[in-house]
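Okay, structure first, notes after.
Numbering (the working numbering), first residue to last: 16 to 453.
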């Protein structure tokens, strides 16, 4: 499910996707061996199928809103409605993940998503589709995601341990990158052949298949029962974030990056369709090719493993800002635009890899679900704000100029990160992989 997506709903879902924990230099493992774990195999198949559907939906949704409205502010509102549930419900999703069966949360999430997504094509079939219906579906799907992702990210360490966890995370990232690469191209071609509304039947099938795969997992993966209330559990997660300096500063930094990044992402589809007048096939191609940045990031993440994770996160933020400004200078030349998007998405991915890994290294397993949801909520607060402000301004200002301002903002705020405790001057030494999180 996407997210956030990434993970990539990115929507910047800098904390929304599944990312790699890299092994030490010289350690070579055959990732496919982890598939011998039956529960992991079913989880992997479910996540891959769901992510393929989500990558298709991420292209179809803004194109559908553009077709219905032709308005930059209403397209930005779509982005805001997708992000807002992450702010509203992530804390509760994390608390549920640490208290009840993670398997059941995942299963219910996929079933609800399949029901929600089919509403749009059925409404179109009945000639009653209006933009408010699309908004409601988008909001509800994102709400489901807010409960789904904390359970998914915290169940993986319960299924896999030690080096198997490294292999599993690597496979998830590879799967996510491949589906994100092919999904938009599939969407662009199918939109031209069968139309946007009929394309969403494919999403219905992928979410339903994903639910079936989850159903084959034979463990509930329920955390130890707690006598504390849901509110107390939520407070415990927030308190951990506030008291853990590295996690708190990292969350604030990603919040700042999201201000500029969200301003651009909320209008990027409108820019492609309205300003550059590109076809759906070209749009799908751009969204597919930009995923090459994720492949590059995976390679670089391993090479940069000895650098402090905080340093990599800050440098990635700086590059995101530079890429945003450079994109507006492409003057509509598609190949240059694609190159800029590769740089931006690659930087987002490498930032996310290191941020997710940092949390897994620092946070105790019993708190991981709540800490993930707490940091997601705080970081995501910037996205709807940046997206809505840019959407309103776009009614009066050229979108390319907004992108330039957003890039400069991202760069300046990332510079501030160099002065925080997140940036370390001493060299980072990778820790030995163990089955426990410190």
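Where a beta carbon is used, it is the ideal one built from N, C-alpha and C, also for glycine.
Of the listed residues the options, nearest to residue i (C-alpha basis)
{"i": "residue 462", "options": "130, 122 and 185", "result": "The structure shown has nothing for residue 462, since the chain only spans 16 to 453."}
{"i": "residue 172", "options": "378, 435 and 289", "result": "378"}
{"i": "residue 405", "options": "93, 64 and 76", "result": "93"}
{"i": "residue 269", "options": "327, 249 and 254", "result": "327"}
{"i": "residue 386", "options": "330, 257 and 272", "result": "257"}
{"i": "residue 91", "options": "409, 369 and 294", "result": "409"}
{"i": "residue 59", "options": "330, 370, 118 and 228", "result": "228"}
{"i": "residue 336", "options": "276, 89 and 144", "result": "276"}
{"i": "residue 147", "options": "196, 89 and 403", "result": "89"}
{"i": "residue 262", "options": "145, 374 and 69", "result": "374"}
{"i": "residue 65", "options": "82, 126 and 53", "result": "126"}
{"i": "residue 52", "options": "398, 68, 67 and 175", "result": "175"}
{"i": "residue 371", "options": "81, 293 and 266", "result": "266"}
{"i": "residue 122", "options": "407, 299 and 224", "result": "224"}
{"i": "residue 83", "options": "150, 278 and 190", "result": "150"}
{"i": "residue 271", "options": "81, 380, 398 and 108", "result": "398"}
{"i": "residue 190", "options": "56, 418 and 331", "result": "56"}
{"i": "residue 294", "options": "67, 183, 81 and 54", "result": "81"}
{"i": "residue 376", "options": "299, 351, 259 and 331", "result": "259"}
{"i": "residue 367", "options": "154, 331, 418 and 78", "result": "331"}
Residue i and residue j closer than 8 Å at C-beta
{"i": "residue 129", "j": "residue 226", "result": "yes"}
{"i": "residue 194", "j": "residue 99", "result": "no"}
{"i": "residue 437", "j": "residue 325", "result": "yes"}
{"i": "residue 392", "j": "residue 152", "result": "no"}
{"i": "residue 169", "j": "residue 97", "result": "no"}
{"i": "residue 76", "j": "residue 252", "result": "no"}
{"i": "residue 106", "j": "residue 389", "result": "yes"}
{"i": "residue 287", "j": "residue 301", "result": "yes"}
{"i": "residue 349", "j": "residue 199", "result": "no"}
{"i": "residue 316", "j": "residue 365", "result": "yes"}
{"i": "residue 118", "j": "residue 236", "result": "yes"}
{"i": "residue 338", "j": "residue 359", "result": "yes"}
{"i": "residue 217", "j": "residue 71", "result": "yes"}
{"i": "residue 322", "j": "residue 95", "result": "no"}
{"i": "residue 192", "j": "residue 306", "result": "yes"}
{"i": "residue 166", "j": "residue 384", "result": "yes"}
{"i": "residue 296", "j": "residue 203", "result": "yes"}
{"i": "residue 205", "j": "residue 215", "result": "no"}
{"i": "residue 303", "j": "residue 197", "result": "yes"}
{"i": "residue 429", "j": "residue 313", "result": "no"}
Counted within 10 angstroms of its Cβ, other Cβ atoms place residue i as buried (16 or more) or exposed
{"i": "residue 394", "result": "buried"}
{"i": "residue 140", "result": "exposed"}
{"i": "residue 244", "result": "exposed"}
{"i": "residue 207", "result": "exposed"}
{"i": "residue 209", "result": "exposed"}
{"i": "residue 219", "result": "buried"}
{"i": "residue 427", "result": "exposed"}
{"i": "residue 231", "result": "exposed"}
{"i": "residue 254", "result": "exposed"}
{"i": "residue 431", "result": "exposed"}
{"i": "residue 40", "result": "Note that residue 40 scores 39 on pLDDT, short of 50, meaning its location in the model is unreliable; the coordinates nonetheless yield the value given after this. Classification for residue 40: exposed."}
{"i": "residue 179", "result": "buried"}
{"i": "residue 433", "result": "exposed"}
{"i": "residue 188", "result": "buried"}
{"i": "residue 369", "result": "buried"}
{"i": "residue 142", "result": "exposed"}
{"i": "residue 347", "result": "exposed"}
{"i": "residue 273", "result": "buried"}
{"i": "residue 440", "result": "exposed"}
{"i": "residue 61", "result": "buried"}
Short CB-CB distance (under 8 Å) between residue i and chain D
{"i": "residue 121", "result": "The structure shown contains no chain D; it holds only a single protein chain."}
**Report entry** the region 333-352 touching the region 420-427, judged by at least three CB pairs closer than 8 Å
**Finding:** Verdict: yes, contact present.
Report task. Check whether the region 275-282 touches the region 406-416, taking contact to mean three or more Cβ pairs, one atom from each stretch, closer than 8 Å. Result -> The region 275-282, when compared against the region 406-416, does touch it at the 8 Å Cβ threshold.
Query raised in the report: Touch check for the region 131-147 and the region 249-268: three-plus C-beta pairs under 8 Å?
Result: Taking 8 Å as the limit for Cβ pairs, the verdict is that the region 249-268 does not touch the region 131-147.
Query raised in the report: Does the pairing of the region 107-125 with the region 157-167 give three or more beta-carbon distances under 8 Å?
Result: Cβ pair count under 8 Å is three or more, so yes.
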